[in-house]
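Q: Encoded as structure tokens, here's the structure I'll be asking about.
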Amino acid sequence: MALDNQHILLIEQGRDKNNRMRNLIYEVDLNKASDLSGFDKPGEYPEFDDEKTLSQRGITLAQKTQVVDLRSLGWQQEKAEGLALIDSKTLAVANDNDFGVKVAMQHPVEGKTFKDYRVNAEGKLTLDDKQVETTLRVKPLEKPEC
Numbered sequence: 001m002a003l004d005n006q007h008i009l010l011i012e013q014g015r016d017k018n019n020r021m022r023n024l025i026y027e028v029d030l031n032k033a034s035d036l037s038g039f040d041k042p043g044e045y046p047e048f049d050d051e052k053t054l055s056q057r058g059i060t061l062a063q064k065t066q067v068v069d070l071r072s073l074g075w076q077q078e079k080a081e082g083l084a085l086i087d088s089k090t091l092a093v094a095n096d097n098d099f100g101v102k103v104a105m106q107h108p109v110e111g112k113t114f115k116d117y118r119v120n121a122e123g124k125l126t127l128d129d130k131q132v133e134t135t136l137r138v139k140p141l142e143k144p145e146c
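Written out as structure tokens, the structure reads:
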């Protein structure tokens, strides 16, 4: 979301190295960032370069500052999907709510996570190509305390 011609707010989200969901809002300052329009040729795309290579190419990155960690405010949904500035002190954050549910495992195999399972051609849940007694259920999200 643009704040002005040189500043935007963005949502950065995904799972961290411990598989915990992160939902962070950053302010990005574009004032000193390089104009990348001159790098729009095959073989010159900078988005795959590391920081050292970018510097060698004379590319300066935008600067970002964390504004808020939504999880620390009680955010439970997986994704934040929209931002709107209501006034100078109020930011609205929207999501599609994914119907207010998440998937929970019943009778999981010890030490295994949701990502370890697969569904076979018969629609059965498997682990290492073997059918398991683990089942999935839909779990409503808890109502946040206000």
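146 is the number that the UniProt record's numbering gives the last residue of the sequence shown; the numbers go up by one with no jumps.
C-beta atoms are modelled at their ideal positions from N, C-alpha and C, and glycine is treated no differently.
With DSSP as the reference, identify every bridge partner of arginine 118, one or two as the case may be.
A: In DSSP, arginine 118 forms a bridge with Thr126.
Q: For glutamine 77, does the count of other Cβ atoms within 10 angstroms reach 16, so buried, or fall short, so exposed?
A: The residue in question, glutamine 77, is buried, as its Cβ has 16 or more Cβ neighbours within 10 Å.
Q: Quick one: which unbroken alpha helix (DSSP H) runs of 4-plus residues sit fully inside the region 32-77? Chain order, please.
A: Here the runs fully enclosed are 51-56.
Q: Rank Ala121, Leu136, Asp35 by C-alpha distance to the C-alpha of threonine 60 and give the top, closest one.
A: Ranking the options by Cα distance to threonine 60, first place goes to Asp35.
Q: According to the Cβ coordinates, are alanine 94 and glutamate 81 closer than 8 Å?
A: Yes, the Cβ-Cβ distance between alanine 94 and glutamate 81 is below 8 Å.
Q: Report back the beta-carbon spacing between glutamate 12 and leucine 24 to the nearest angstrom; my notes put them in contact at under 8 Å.
A: Confirmed, Cβ separation roughly 5 Å.
Q: When we look at the beta-carbon of leucine 70 and count the other beta-carbons within 10 Å, is it buried (16 or more) or exposed?
A: With 16 or more other Cβ atoms within 10 Å, it is buried.
Q: Output the boundary residues of the beta strand (DSSP E) element that contains histidine 7.
A: Per DSSP, histidine 7 belongs to the beta strand (DSSP E) from 7-15.
Q: Look at the alpha carbon of leucine 91 and the alpha carbon of threonine 65, and state the distance between them as a whole number of angstroms.
A: Taking the straight line from one Cα to the other gives about 16 Å.
Q: Smallest Cα separation from lysine 102: which of Asp50, Gly74, Lys139?
A: Answer by Cα proximity: Lys139.
Q: Return the residue from the list Glu51, Trp75, Ala33, Arg57 that minimises the CA-CA distance to lysine 143.
A: When only C-alpha atoms are compared, the closest one is Trp75.
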